[in-house]
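For reference, the structure discussed in these notes is given below.
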Amino acid sequence: MLDPKLYRENPEIVREGLRRRGASFDLDALLGFDAERRALGTELDGLKAERNAASEAIARLKREGGDASAAIEKTRVTGDRIKELQAKHDAVEEKARQLALLCPNLPDASVPDGKSSADNKVAASWGAPDQANSVPDHMEIGKRLKLFDFERGAKISGSGFPIYTGAGARLERALINFFLDTHVTRFGFTEVSPPYLVSRNTMVGTGQLPKFEEDMYRCDGEGGDRARDQFLVPTAEVPVTNMHADEVLDAASLPLSYCAYTACFRREAGSWGADTRGFLRLHQFNKVEMVKFAHPEKSWDELEALRSHAEELLRMLELPYRVLELCAGDMGFGAAKCYDLEVWAPAEKRWLEVSSCSNFLDFQARRANIRFKEAGKTRLLHTLNGSGLATPRVLVALLETHWTGNGVRIPAALRPWMGGLEEIVAA
RNA sequence: GGAAGGGUGGCCGAGUGGUUUAAGGCAUCAGUCUCGAAAACUGAAGUACUGGCAACGGUACCGUGAGUUCAAAUCUCACCUCUUCCGCCA
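Here the working numbering is used: the first sequence runs in plain steps of one and ends on residue 517.
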């Protein structure tokens, strides 16, 4: 959520940010509800002050043994009026809140202009993408080495749910552990292993709801005696960021740096047909996520740190990559600035997104009510997160990049998690 | 699944309808003392919304939501959640 003071006092700043994003949001409606709520609130406060004074007078009268029945009767009328106005006020307030939850974050001034992914800026790159060599694609390699089984995955669950088999299953597990262990031992993160099902309120805290409900898997608890309303996590960002919802952290403890592995579940509604081949777009996939809770004055440095950690993992895996600075029109709902990391897939002959590192400023902190205390003052903190990394497309690039002709070479950095294995070859 | 007991400020914890303006403690901040720190002492200080240039006001908030009442942390109902015990179970 945006700071209400910002759109109330400087609506033109908000309008300009929304325009850069290409977002269609009815700011005037929000301003209208906001003004109406304040007017009702002021009237209500006056009536309540009146009632409080009257109640006090009644108490005094009764203590002194007088007859308060006339005063009580008079105050009853005020009470009825309050009840009526309160209902009106609450309805308007709820409308304003529901609308405010649909408003995206504003792009930071440093974010490049642009409407779509075509306008993103290449900020950095590493390695030499192999553009000429023709290698078998990851599906072919997987078939030859028996690394995964899409048909049987589809049989038991539907499309987009692969089964990893044999060396493929071990390679997947090795990547996850390599990512986690590297974050913990080299980058100083604290590992957490969160639940995969979270409440509706938690999904609102990080911004997945209310706007993107159709992309989420929902478990509504039908048939159970307790009607749960829970969602499968689309990313570990959701449970980990909300761990500290409604808390006031000590300034000295910041930044808090967590990493977490979870499976991620996405319906990918509306994206049928695009990138659906093989591992490029799945309904369930594995990802290690980095999440930071930062002091507002340090969050931009933390964003660069997140990005550098994700880059380091790709270098260790010897995968050529590039870093994109996303344009205003291509950023996610809650981000104020976002870097995407893309690896080169030689057989696909294209860049594949494997990480997204974002600074949300106080956008999520305001929704989830995550604050910190410094010199006696309580303030909202800043949240950030970045993938480190999502495995499916890393796996694609790894298989295609390190194909030797009859097997896949395991990069030296990953070998400790593969029991020292140097190459996966056909059984 | 059954039974019982809890949920109060950053944290702990008192509080059974109107002197609660939520006691007390811890932690925090400022000051005194000190070369400096610690300790001790003195003082300040909840959060949100709202009115006001400001000084300073108003309102709400004791797990959540409804209800009773002139008046609710306190009484009633529902729900959420935690703890303990029993049952079942990887």
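For each residue, glycine too, the CB sits at the ideal point set by N, CA and C. None of these values were measured; they are calculated from a predicted model.
Can you check which of these residues, A190, Y348 and F355, is closest to R98 by C-alpha distance? For R98, the nearest C-alpha among the options comes from A190.
Of the choices R505, A503, T494 and P501, whose alpha-carbon is the least far from that of V515? For V515, the nearest C-alpha among the options comes from T494.
Where A514 sits in the DSSP three-state scheme: Note that residue 514 corresponds to Ile in the displayed sequence, not to Ala. If DSSP states are grouped into helix, strand and coil, I514 belongs with the strands.
Near G122, what residues of its chain come up, given a Cβ to Cβ distance below 6 Å and the 5 sequence neighbours on each side ignored? Excluding positions up to five away in sequence, the list is empty.
Which listed residue (R308, S389 and V294) has its alpha carbon closest to that of M91: Closest in C-alpha terms to M91, from the list R308, S389 and V294, comes V294.
Excluding sequence positions up to five away, which residues of its chain have a Cβ less than 6 Å from the Cβ of V274? Excluding positions up to five away in sequence, the list reads E281.
Given this structure, state the Cα-to-Cα distance separating A213 from Q454, to the nearest angstrom. Going by the C-alpha atoms only, they are around 26 Å apart.
Extent of the continuous beta strand (DSSP E) to which S249 belongs: That residue, S249, is in no beta strand (DSSP E); it is neither H nor E in DSSP.
Would you call the CB atoms of E415 and W216 closer than 8 Å? No, they are not a contact pair.
Could you tell me whether the Cβ atoms of N267 and T292 are closer together than 8 Å? With contacts defined by Cβ atoms closer than 8 Å, N267 and T292 do not form a contacting pair.
Less than 8 Å separating the beta-carbons of P194 and F423? A contact, by the Cβ cut-off of 8 Å.
At a cut of 8 Å, does the segment 334 to 346 reach the segment 216 to 236 through at least three beta carbon pairs? Judged by Cβ distances under 8 Å, the segment 334 to 346 makes no contact with the segment 216 to 236, as fewer than three pairs qualify.
Buried or exposed: where does N352 fall if 16 or more other Cβ atoms within 10 Å of its Cβ makes it buried? According to the sequence displayed, residue 352 carries Thr and not Asn. The residue is buried, with at least 16 neighbouring Cβ atoms inside 10 Å.
Name, in chain order, the residues that DSSP records as bridge partners for A384. Beta-bridge pairing links A384 to H472.
Are there 16 or more other CB atoms within 10 angstroms of the CB of D420, so buried, or fewer, so exposed? Counting Cβ neighbours within 10 Å, D420 comes out buried, since at least 16 surround it.
Cβ neighbours of A487 in the same chain (closer than 7 Å, five flanking residues each side left out): Only residues of its own chain outside the window of five on either side were considered, and among them L409, V433, W434, A435 and L442 have a CB closer than 7 Å to the CB of A487, listed in chain order.
Looking only at its own chain, which residues have a Cβ that is under 7 Å from the Cβ of T325, when we skip the five neighbours before and after it? In its chain, beyond the 5 residues on either side, C354, K377 and E379 have a beta carbon closer than 7 Å to the beta carbon of T325.
Spatial neighbours of L489 within its chain, please: C-beta separation below 8 Å, excluding the five flanking residues on both sides. H228, I231, G232, L237 and V498.
Measuring straight from C-alpha to C-alpha, what distance separates P506 and L485? About 17 Å.
In three-state DSSP terms, what is N100? Assigned with DSSP and collapsed to three states, N100 falls in coil, not helix or strand.
Taking the alpha-carbon positions, what's the R141 to D209 distance? Distance between the alpha carbons of R141 and D209 is about 60 Å.
Run through the DSSP bridge pairs and tell me what A435 is partnered with. In the DSSP secondary-structure assignment, A435 is bridged to R440.
Cα-Cα, which of T168, K467 and S224 is closest to K439? Check the Cα spacing between K439 and each of T168, K467 and S224: the tightest is with S224.
Whose CA, out of H179, Q298 and Y286, lies closest to the CA of Q374? Closest option to Q374, Cα to Cα, is Y286.
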